[in-house]
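Q: Got a structure for you, written out below as structure tokens; questions coming shortly.
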Amino acid sequence: IVTAAHCTVGDATNRWRIRVGSTWANSGGVVHNVNANIIHPSFNRNTLDNDIAILRSPTTFSFNNNVRAASIAGSNYNLGDNQAIWAAGWGDTFQGSNQGSEQLRHVELRSINRNTCRNNYAVRGIGITDNMLCVGWSGGGRDACQGDS
1 IVTAAHCTVG
11 DATNRWRIRV
21 GSTWANSGGV
31 VHNVNANIIH
41 PSFNRNTLDN
51 DIAILRSPTT
61 FSFNNNVRAA
71 SIAGSNYNLG
81 DNQAIWAAGW
91 GDTFQGSNQG
101 SEQLRHVELR
111 SINRNTCRNN
121 YAVRGIGITD
131 NMLCVGWSGG
141 GRDACQGDS
């Protein structure tokens with residue numbers, strides 16, 4: 001399972017479980033234990049560069065109509081500007097609520113030009129690296145939120 005390194009770094013492996021085959025956060029599907037949390041070797045907690053990890057399970061997943069492997073873009077894939085991007089998660093449904101959603105939710109966003117993104121974040125003292133994607137919605141009002149990563 002691919003996840004964000006900032007979510008799992010420093011945690012004991014047995015703290016995590018993988019639920020497959022359900023769109024509900026706490027019910028349905030099949031729950032698998034985790035036996036490895038592989039953090040990208042160049043992950044940087046301060047900048048969030050290389051913010052990616054893999055959770056491995058000692059048990060196999062049974063693929064069916066509700067459990068399928070996702071496709072991942074290759075290393076040479078170039079994401080163009082203003083392309084449709086779908087974000088999904090069980091995170092907060094509005095900023096500051098600190099109450100994740102029990103039902104999986106999704107939102108369509110758009111890719112943002114990297115230089116535009118760098119300039120927008122530079123004024124806040126935040127660096128955007130070549131290992132990061134910039135996505136959002138030009139008019140605001142929709143985005144991923146805390147707990148979606």
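Residue numbers in the sequence shown follow full-length UniProt numbering, run continuously in steps of one, and reach 149 at the last position. Glycine included, C-beta positions come from ideal geometry on N, C-alpha and C.
Which residue or residues does DSSP assign as beta-bridge partners of residue 155?
A: What is shown of the chain runs 1 to 149, which leaves residue 155 out entirely.
Q: Counting along the chain, where does the alpha helix (DSSP H) carrying residue 119 start and finish?
A: That run of the alpha helix (DSSP H) goes 114-122.
Q: Measure how close the beta-carbons of residue 51 and residue 106 come, nearest whole angstrom, since I'm counting them as under 8 Å.
A: Wrong, their Cβ atoms sit about 20 Å apart, outside the cutoff.
Q: Have a look at the DSSP bridge pairing and note the partners of residue 55.
A: DSSP, once it has assigned bridges, lists 37 as partnering residue 55.
Q: Can you find the residues in the same chain that come closer than 6 Å, C-beta to C-beta, to residue 91, ignoring five residues on each side of it along the sequence?
A: 100, 145, 146, 147 and 148.
Q: Between which two residues does the beta strand (DSSP E) holding residue 1 run?
A: Taken as a continuous stretch (DSSP letters only), residue 1 belongs to no beta strand (DSSP E), as it is neither H nor E.
Q: Check each candidate in 119, 131, 126 and 63 and name the one with the smallest Cα separation from residue 79.
A: The candidate whose alpha carbon is nearest that of residue 79 is 131.
Q: Determine the direct distance from the alpha carbon of residue 119 to that of residue 27, and round the result to whole angstroms.
A: If you take the alpha carbons of residue 27 and residue 119, they lie about 42 Å apart.
Q: Count the other CB atoms, across all protein chains shown, that sit within 10 Å of the CB of residue 60; report buried if there are 16 or more and exposed otherwise.
A: It counts as exposed.
Q: Apart from the five residues on each side of it in sequence, which residues of its chain come closer than 6 Å, Cβ to Cβ, to residue 89?
A: Only 148 meet the Cβ criterion.
Q: Taking all protein chains shown into account, decide if residue 13 is buried (16 or more other Cβ within 10 angstroms of its Cβ) or exposed.
A: Classification for residue 13: exposed.
Q: What residue from 138, 4 and 29 has the CA that sits closest to residue 43's CA?
A: It is 4 whose Cα lies nearest to the Cα of residue 43.
Q: Confirm, please, whether the CB-CB distance from residue 31 to residue 15 is below 8 Å.
A: No, Cβ-Cβ distance for residue 15 and residue 31 is not below 8 Å.
Q: Which first and last residues belong to the beta strand (DSSP E) in which residue 20 is found?
A: That run of the beta strand (DSSP E) goes 17-20.
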